[in-house]
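In my numbering, the protein residues as written are 34 to 517. Note that CB positions come from ideal geometry on N, CA and C, so glycine has one too. Please read all numbers here as calculations on a predicted model, not as lab measurements.
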Ligand code: NAD
């Protein structure tokens with residue numbers, strides 16, 4: 034099936050273990066070729082990883098390390114990620130097809146995330162709280178112990194750093210189960226972490242199937258907290274398993290984010306950001322602005338400009354300079370996009386751009402799809418209400434602010450939103466009325482590691498990033514001292 038040197042291992046403690054049985058093929062979505070194979074954990078290996086992580090927690094080598102020493106190691110991981118920038122960027126590109134420039138930016142973001150949580154680790158304190166008598170009351174923050182982190186394929190470099198760095202900064206041991214599609218960058222980062230001095234067993238990487246390794250991790254009695262990013266269906270399954278064990282879960286789930294253009298907006302800036310907001314990463318972004326609401330008086334102007342913009346996007350091999358959009362990450366993902374566009378056609382949608390694969394023969398073996406824009410759909414149609422997770426934008430008109438807010442909030446999701454208007458009072462009113470965890474005003478998709486991120490409604494539970502991103506991985510203890 035595959036040669037030994039093309040089989041990547043998993044990491045348990047400081048042991049790199051290979052398992053041929055059930056190995057997962059890592060496919061390059063730009064070419065359809067096999068990159069390499071990845072060992073896949075079964076239940077017995079999950080058991081072994083949890084035991085290893087639990088032992089590391091019991092030994093307290095990491096938890097009792099002084100915060101500034103722990104911070105130094107997290108800082109070295111950040112530097113190591115930066116030093117391996119090209120290897121990491123190419124690895125992610127080969128596995129999920131993101132254009133190289135975006136992969137490089139994501140490596141830099143992952144390095145910054147470790148640096149940020151190194152600083153947080155060194156500076157976080159306990160608190161003295163107001164007492165109601167002759168005693169001193171304090172609040173301290175403690176790690177949970179063993180944390181399971183389960184991640185998707187669209188941006189493994191950043192998503193995994195956003196979980197692993199704060200969980201480590203908080204003093205936990207982590208077992209990371211990356212997506213079946215993109216397991217390999219996690220292995221490189223784990224090697225960097227060991228070289229940076231992270232004690233053995235504090236970071237373990239278990240590639241494997243969600244239904245086998247993921248499920249066994251969530252159900253394991255020694256896993257004390259689960260941090261998940263992925264689809265809403267898997268998120269709900271994980272939340273109900275965690276509920277049976279009464280352990281906390283953090284969920285970063287799907288979205289169907291509204292992007293809104295009022296008639297007083299700077300239309301050209303809005304067009305650039307709307308196009309970037311949906312077509313970057315081939316639309317495989319949880320915050321993709323996939324429902325565009327345009328005030329009726331500028332509707333046709335916006336659609337015409339967007340169609341021109343979409344048709345000018347260079348779709349191609351992700352490593353080539355000048356390419357703006359690579360392939361989708363998997364065959365299954367393109368099948369889903371095609372099925373959703375077909376369903377939009379049946380529901381009366383007008384495909385004004387794209388709606389098909391590119392004709393370039395050089396791209397024929399990859400899973401490419403053209404930037405697609407659909408008008409004339411009802412809010413209740415599948416393409417408007419479901420997350421497509423592909424380069425497909427549905428454009429709908431609105432008449433008034435009230436009409437817009439009702440339509441924009443008419444979704445089970447609530448991850449993000451964008452507003453374009455020159456009127457700051459209106460921007461403020463609408464930003465407050467929208468049910469979304471992040472709202473951008475006259476910009477889109479700007480993210481900062483120090484600003485909390487997460488979803489309303491079925492887009493998730495809890496907030497990553499910022500101090501809230503550290504608190505996710507800590508339990509709170511109150512201590513009372515008698516002073517008389
Ligand atoms: P997915 O839910 O299929 O898989 C995510 C991870 O969960 C994978 O590692 C998978 O193996 C694992 N998994 C699946 N079923 C499981 C189970 N029953 N028990 C334990 N683990 C299980 O998602 P995906 O297709 O990899 O990623 C795309 C989705 O992720 C989209 O819906 C997207 O919106 C979402 N996403 C959300 C954010 C966010 O921050 N809100 C960020 C990126 C992606």
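Of the residues 494, 502, 330, 250, the one whose Cα lies closest to the Cα of residue 76 is 250. The closest heavy atom of the ligand NAD lies less than 7 angstroms from the beta carbon of residue 186. Straight-line measurement puts the Cα of residue 357 at about 20 angstroms from the Cα of residue 65.
In the structure shown, residue 350 adopts coil according to DSSP, grouped into three states. Residue 381 is not a Cβ neighbour of residue 406, given a cutoff of 8 angstroms. Setting aside the 5 residues that flank it on each side, residue 103 is surrounded in the same chain by 154, each with a C-beta closer than 6 angstroms to its C-beta; the list follows chain order. Nearest Cα to residue 226 within the set 441, 46, 459: 46.
By the neighbour-count criterion, in which 16 or more other beta carbons inside 10 Å mark a residue as buried, residue 166 falls on the exposed side. Set against 7 angstroms, the gap from the CB of residue 248 to the closest heavy atom of the ligand NAD is smaller.
In the displayed model, residue 514 falls within a strand according to three-state DSSP. Here residue 254 carries a coil assignment [DSSP, helix/strand/coil]. Relative to the ligand NAD, residue 251 has its C-beta within less than 7 angstroms of a heavy atom.
Taking a contact to require three or more Cβ pairs closer than 8 angstroms, the region 486 to 497 and the region 437 to 451 qualify as touching. Annotation: the continuous beta strand (DSSP E) that includes residue 59 extends over 57 to 60.
Residue side-chain check: residue 285 places its Cβ nearer than 7 angstroms to a non-hydrogen atom of the ligand NAD. For residue 270, the shortest C-beta to heavy atom distance toward the ligand NAD is below 7 angstroms. Collapsing the DSSP output to three states places residue 50 in a strand. For the alpha helix (DSSP H) assignment, the uninterrupted runs of no fewer than 4 residues enclosed by the region 280 to 360 are, from N- to C-terminal side, 300 to 312, 332 to 345.
In the displayed model, residue 100 falls within a helix according to three-state DSSP. CA-to-CA, the gap between residue 207 and residue 360 works out to about 32 angstroms.
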